[in-house]
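Engineer: Residue numbers (my numbering): 1 to 103.
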């Protein structure tokens, strides 16, 4: 997913030298898991919210805004791997990321 997303960002003028804040999305089935995940993300200085999900079987959504992330492919792939591992550690599904190009 990340290499394709980075390629799309390149088409919109985002260079390897750019840094962007990213929006992250996780889903989970208990409040305790969402709270533990939120604490891990806050430890990375991310702005984090927990809310109700409209998805079946995953009633909680954890969203966050990162600190600026380098937009070279290597950094984005490593960061994505980190998010997957954090999600796995807390039994939460990392559903992906997005960004606003107008930062």
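Don't be surprised by glycine CBs; every beta carbon is placed ideally from N, CA and C.
Do residue 68 and residue 4 come within 8 angstroms of each other at the CB atom, strictly closer than that value?
Structural biologist: Position 4 of the chain shown, counting from 1, holds the residue named residue 4. Position 68 of the chain shown, counting from 1, holds the residue named residue 68. No. Outside cutoff.
Engineer: Who are the near neighbours of residue 14 in its chain, counting only those whose CB is closer than 6 angstroms to its CB and skipping five residues on each side?
Structural biologist: For the purposes of this step, residue 14 is taken as the residue at position 14 of the chain shown. 71.
Engineer: Assuming residue 81 is part of the beta strand (DSSP E), what are its boundary residues?
Structural biologist: Counting from one through the chain shown, the residue named residue 81 turns up at place 81. Not the beta strand (DSSP E): residue 81 falls in the alpha helix (DSSP H), residues 73-89.
Engineer: Using C-beta distances below 6 angstroms, list every residue in its chain close to residue 51, excluding the 5 sequence neighbours before and after it, in chain order.
Structural biologist: Position 51 of the chain shown, counted from the start, is the residue given in the question as residue 51. Correct list, in chain order: 61.
Engineer: Going by beta-carbon coordinates alone, are residue 26 and residue 93 separated by less than 8 angstroms?
Structural biologist: The count along the chain shown starts at 1 and reaches residue 26 at position 26. The count along the chain shown starts at 1 and reaches residue 93 at position 93. Yes. Within cutoff.
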